[in-house]
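In this note's numbering, the protein residues as written are -10 to 136. For glycine and all other residues, C-beta sits at the position ideal for the given N, C-alpha and C. Predicted model, so just to flag it, every value in this text is computed and none were measured. Okay, so here's the structure we're looking at.
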Amino acid sequence: MNYSRFFAMIAASTAVMLGLMYLNSYSIIEHAFWSETRFYMAFVMGAAMAVVMLSFMFGMYKSKGKNVAIYIGSIAIFALALFLVRSQITVGDTSYMSAMIPHHSIAIMTSERAGIEDVRVRELADGIIRAQRREIKEMEWLLDDIA
-10 MNYSRFFAMI AASTAVMLGL MYLNSYSIIE HAFWSETRFY MAFVMGAAMA VVMLSFMFGM
50 YKSKGKNVAI YIGSIAIFAL ALFLVRSQIT VGDTSYMSAM IPHHSIAIMT SERAGIEDVR
110 VRELADGIIR AQRREIKEME WLLDDIA
């Protein structure tokens, strides 16, 4: 089997996973801001997927050297991307807010749509909705003001 096809499959899947991470936002279009954290997480998932897929299709890819290189490269990408996610060293003011808007949007969606029956939990969820909407507006204002 062709290794370029394997890399294309991993790259396409990684790009798709990056896009899919935005689908659980309350407002998919309005709250789809660029997020370095999600970008790095896509690489974490893509690198892990490369290891899993190559392991399952090991018999189809005959070059031991290339396979070892894929494993080593995937582990290195996984480790670097995970470090960037966990450390947040590349995240500044605007990238922080751009990442937090879709994050807050998820909180709104889950708080609004969850089948909550307990009155106390509903009150908590409603408070979360109000707070997250207010904070999204503030972050959007700050993004416009800083830019």
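**OP:** Give every residue of the same chain whose Cβ lies closer than 8 Å to the Cβ of Asp133, excluding the five residues on either side of it in the sequence, and list them in chain order.
**Re:** In the sequence shown, the residue the question calls residue 133 occupies position 144. If we look at Asp133 and ignore the five residues flanking it on each side, it has no Cβ neighbours.
Original post:
Exposed or buried, what is Gly35 when buried is set at 16 or more other beta-carbons lying within 10 Å of its beta-carbon?
Top reply: In the sequence shown, residue 35 corresponds to position 46, counting from 1. Counting Cβ neighbours within 10 Å, Gly35 comes out buried, since at least 16 surround it.
Original post:
Is the Cβ-Cβ distance between Phe47 and Asn56 less than 8 Å?
Top reply: By one-based count along the sequence shown, residue 47 stands at place 58. By one-based count along the sequence shown, residue 56 stands at place 67. Their beta carbons are under 8 Å apart, which means Phe47 touches Asn56 by this criterion.
Subject >> Whole-number beta carbon distance between Tyr60 and Tyr(-8), since they are thought to touch under 8 Å >> reply: Sequence index remark: in the sequence shown, residue -8 carries index 3 (1-based). Sequence index remark: in the sequence shown, residue 60 carries index 71 (1-based). By a beta-carbon distance limit of 8 Å, Tyr(-8) does not contact Tyr60. Their separation comes to about 13 Å.
Original post:
Which value, in whole angstroms, describes the spacing of the CA atoms of Glu124 and Gly116?
Top reply: Along the sequence shown, read from residue 1 onward, the residue named residue 124 stands at position 135. Along the sequence shown, read from residue 1 onward, the residue named residue 116 stands at position 127. So the two alpha carbons sit approximately 12 Å from each other.
**OP:** Please look up how many angstroms separate the CB atoms of Ile105 and Gln121, rounded, as I've assumed it's under 8 Å.
**Re:** If you number the sequence shown from 1, residue 105 lands on position 116. If you number the sequence shown from 1, residue 121 lands on position 132. That pair is no contact at about 16 Å.
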